[in-house]
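If you use the numbering used here, the sequence shown corresponds to residues 164 to 302, in order.
Every residue, glycine too, gets a C-beta built ideally from N, C-alpha and C.
Treat the numbers as computed from the prediction; the structure is a model and nothing was measured.
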Amino acid sequence: MSESGNVIVIARFLDEVINQGRLEQADELVAVDFVELDPLPGQRQGREGLKEVIGMLRTAFPDIHWVADETVASGDKVVTRFTWTGTHRGTFLGVPATGRSVSVKGVVIDRLVEGKMRDSRILMDNLTMMQQLGVIPRA
Numbered sequence: 164m165s166e167s168g169n170v171i172v173i174a175r176f177l178d179e180v181i182n183q184g185r186l187e188q189a190d191e192l193v194a195v196d197f198v199e200l201d202p203l204p205g206q207r208q209g210r211e212g213l214k215e216v217i218g219m220l221r222t223a224f225p226d227i228h229w230v231a232d233e234t235v236a237s238g239d240k241v242v243t244r245f246t247w248t249g250t251h252r253g254t255f256l257g258v259p260a261t262g263r264s265v266s267v268k269g270v271v272i273d274r275l276v277e278g279k280m281r282d283s284r285i286l287m288d289n290l291t292m293m294q295q296l297g298v299i300p301r302a
């Protein structure tokens with residue numbers, strides 16, 4: 164698939180799977196043997212593990228919304244600088260619902276094979292997120 168085709172796959176994943184919560188769309192966009200290179204604690208590998216994490220995120224932040232602030236494609240990789248926002252309404256990483264809103268910035272590097280996400284490495288500003296949730300005091 165072309166670089167522009169890979170960018171479209173990632174855009175669809177963000178919109179359809181994460182923002183709209185249509186987890187079944189991951190079956191079309193993510194390889195069954197998907198690998199999360201920086202998994203959340205307890206995250207299972209594979210497409211089903213990714214769907215579980217997104218389901219958990221959508222339960223914890225029902226109004227979650229991801230925006231691709233910048234996207235760069237090179238070969239089989241797509242790098243996306245993103246911001247996601249949401250209101251903390253359910254348990255997330257052991258933190259009970261706080262009702263607080265968060266705005267989290269990060270970068271994800273996705274590798275695609277034959278038009279599907281094959282592996283991913285995500286780096287997020289978790290410190291600021293935990294400060295916004297009131298778990299860690301602000302400096």
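If you count every other CB in all the chains shown that lies within 10 Å of the CB of residue i, and 16 or more means buried, which is it?
i	result
aspartate 232	exposed
asparagine 111	There is no way to answer for residue 111, as the model of the chain reaches only from 164 to 302.
aspartate 273	buried
glycine 189	Position check: residue 189 holds alanine in this sequence, whereas glycine was assumed. With 16 or more Cβ atoms within 10 Å of its Cβ, alanine 189 is classed as buried.
leucine 296	buried
arginine 301	exposed
Can you round the beta-carbon distance between residue i and residue j to whole angstroms, since I take them to be within the 8 Å contact cut?
i	j	result
glycine 262	threonine 254	That belief does not hold up - the Cβ atoms of glycine 262 and threonine 254 are roughly 13 Å apart, past 8 Å.
leucine 256	glycine 269	The Cβ separation is near 15 Å, so there is no contact.
alanine 236	glutamate 179	Between glutamate 179 and alanine 236 the Cβ distance is about 19 Å, and since that is not below 8 Å, they are no contact.
If you measure between the beta carbons of residue i and residue j, is that distance less than 8 Å?
i	j	result
valine 258	valine 298	yes
leucine 200	arginine 252	no
histidine 228	threonine 243	no
valine 267	methionine 292	yes
leucine 192	aspartate 239	no
isoleucine 173	valine 230	no
leucine 321	phenylalanine 197	Residue 321 falls outside the range modelled here, since the chain spans only 164 to 302, and no answer is possible.
valine 195	glycine 209	yes
Go to residue i, then tell me how far its alpha helix (DSSP H) extends in each direction, as first and last residue.
i	result
glycine 218	209-223
arginine 281	First-last for arginine 281: 279-287, but that is the beta strand (DSSP E), not the alpha helix (DSSP H).
glutamate 166	166-175
alanine 189	189-192
Please report the residue range of the beta strand (DSSP E) in which residue i lies.
i	result
leucine 256	Segment: none, leucine 256 is in no beta strand (DSSP E) and carries neither H nor E.
aspartate 273	264-276
valine 230	228-237
Measuring only between beta-carbons, confirm whether residue i sits less than 8 Å from chain C.
i	result
leucine 203	The displayed structure is made up of one protein chain only, and chain C is not part of it.
Exercise. Do the segment 171-187 and the segment 196-207 make contact, defined as three or more Cβ pairs closer than 8 Å?
Worked result: no
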